[in-house]
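Position one of the sequence shown corresponds to residue 42 (the numbering used here), numbered consecutively onward.
Where is the CB? At the ideal position from N, CA and C, for every residue including glycine.
Keep in mind it's a predicted model, so treat the numbers as computed, not measured.
Everything below concerns the one structure shown next.
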Amino acid sequence: MIEDLFDLEQVTSQKSVIHSLDARVKIIVCCAAIVGLVAVPYSLIVYEVAAILFGLFLVLWALSRLSPMVYFRRLLLALPFGFMLCGFQIFFKNRYYTEYHPIIELPFGVTIFSESVEFATILLIKFLVCYSFIVLLSSTSSLQDLLEAAGRLKVPPELILALGMMIRYLFVFGIIYRRVTDALKTRLFDPFDHRLPYRYRILNMGYMMGSMFIRSLEQGERTYASMLCRGYGRDSYIYIRNKPLLSADIVFLGICLLIIILAPLICWFDPIQMFCFLPR
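In structure tokens:
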């Protein structure tokens with residue numbers, strides 16, 4: 042996973058309609074889709090709203106001209122956490138239901154209820170759709186563009202500076218990790234080699250983690266010293282130039298926000314029934 046860090050922004054340099062949009066537009070659309078879906082109450086209406094928003098995501102992904110493998114590879118990184126978070130919900134009752142119907146009786150007094158399974162399914166669907174928009178945002182906007190867009194959206198400069206330093210140091214940590222692993226390979230050490238004793242592999246992996254921690258700490262001190270030499274201080278912030286939104290960006294933002302706002306409203310209020318009860 043750390044090896045894929047250096048290929049993180051390769052897909053952001055491609056040319057497409059979505060790539061050429063202002064990063065502020067993509068951030069607003071992503072946040073609006075997440076808030077719009079999370080705000081929907083835990084009921085069966087979530088399936089319909091999620092289907093509409095996921096259809097919007099598929100259209101935007103098709104316009105970005107990115108391979109589906111990019112999406113699935115990044116989805117697999119977070120999918121275990123999502124399954125673990127949602128999987129535990131089937132064993133507990135929650136406050137969104139008043140009646141519970143058991144479907145499976147397990148040993149040690151553990152009972153799985155149909156309402157708990159329904160809640161876990163709704164939670165998983167929300168997670169998948171929200172994370173899909175995050176993947177779209179990170180796959181079509183570089184990290185520097187996202188930082189500058191956050192600054193133009195009036196995010197506190199202290200937070201932007203901290204995020205910028207974290208992102209830059211993340212790649213430094215990746216370089217240190219590559220050096221340590223290359224040193225182990227030159228010594229013909231493979232932590233997944235079952236011919237080596239398990240205790241020996243664990244011991245050397247502990248040495249490797251300790252070495253990475255010490256090297257990262259030393260690199261952090263050197264980086265901070267070099268920043269002080271270049272005039273870094275408590276009032277140092279990332280320079281962000283003004284950039285007006287184009288008319289195409291505004292139109293795209295308006296269309297996406299309209300779809301995101303109307304999706305839960307259409308699913309919640311059936312337009313056919315509303316038309317039948319209108320006064321004639």
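CA-to-CA distance, residue j to residue i, given in whole angstroms
{"i": "L237", "j": "A224", "result": "18 Å"}
{"i": "I68", "j": "I279", "result": "19 Å"}
{"i": "L303", "j": "L78", "result": "12 Å"}
{"i": "H142", "j": "P285", "result": "56 Å"}
{"i": "R242", "j": "F174", "result": "40 Å"}
{"i": "A80", "j": "F122", "result": "22 Å"}
{"i": "W102", "j": "V111", "result": "11 Å"}
Outcome for residue i when other beta-carbon atoms lying within 10 angstroms are tallied against a minimum of 16
{"i": "S267", "result": "exposed"}
{"i": "F318", "result": "With a pLDDT of 38 at F318, under the threshold of 50, the modelled position of this residue cannot be trusted; read the value that follows with caution. Flag for F318 reads exposed."}
{"i": "S182", "result": "buried"}
{"i": "V66", "result": "buried"}
{"i": "S105", "result": "buried"}
Cβ-Cβ separation, residue j to residue i (assumed contact under 8 Å), whole Å
{"i": "F98", "j": "L177", "result": "6 Å"}
{"i": "L107", "j": "S180", "result": "6 Å"}
{"i": "K86", "j": "W309", "result": "First, the residue type needs correcting, since residue 86 is Ile and not Lys in the sequence shown. About 6 Å separates the two Cβ atoms, so the contact holds."}
{"i": "Y218", "j": "F160", "result": "39 Å between Cβ atoms; not a contact."}
Reduced DSSP category for residue i - H, G, I as helix; E, B as strand; rest coil
{"i": "P285", "result": "coil"}
{"i": "V151", "result": "strand"}
{"i": "P232", "result": "coil"}
{"i": "I145", "result": "strand"}
{"i": "F310", "result": "coil"}
{"i": "I279", "result": "coil"}
{"i": "T139", "result": "coil"}
{"i": "Y172", "result": "helix"}
{"i": "L107", "result": "coil"}
{"i": "S61", "result": "coil"}
Spell out a yes or no on whether the stretch 127 to 134 and the stretch 48 to 59 are touching, meaning 3 or more CB-CB pairs, one atom from each, closer than 8 Å. As far as the Cβ criterion goes, the stretch 127 to 134 does not touch the stretch 48 to 59, which means the pair count is below three.
Would you check if the stretch 205 to 222 and the stretch 288 to 307 touch, i.e. whether three or more CB-CB distances between them fall below 8 Å? Flag = no, the stretch 288 to 307 and the stretch 205 to 222 do not touch.
Counting pairs of beta carbons, one from the stretch 79 to 96 and one from the stretch 189 to 200, are three or more of them closer than 8 Å? Note that the stretch 79 to 96 does not touch the stretch 189 to 200; fewer than 3 beta-carbon pairs, one per stretch, sit closer than 8 Å.
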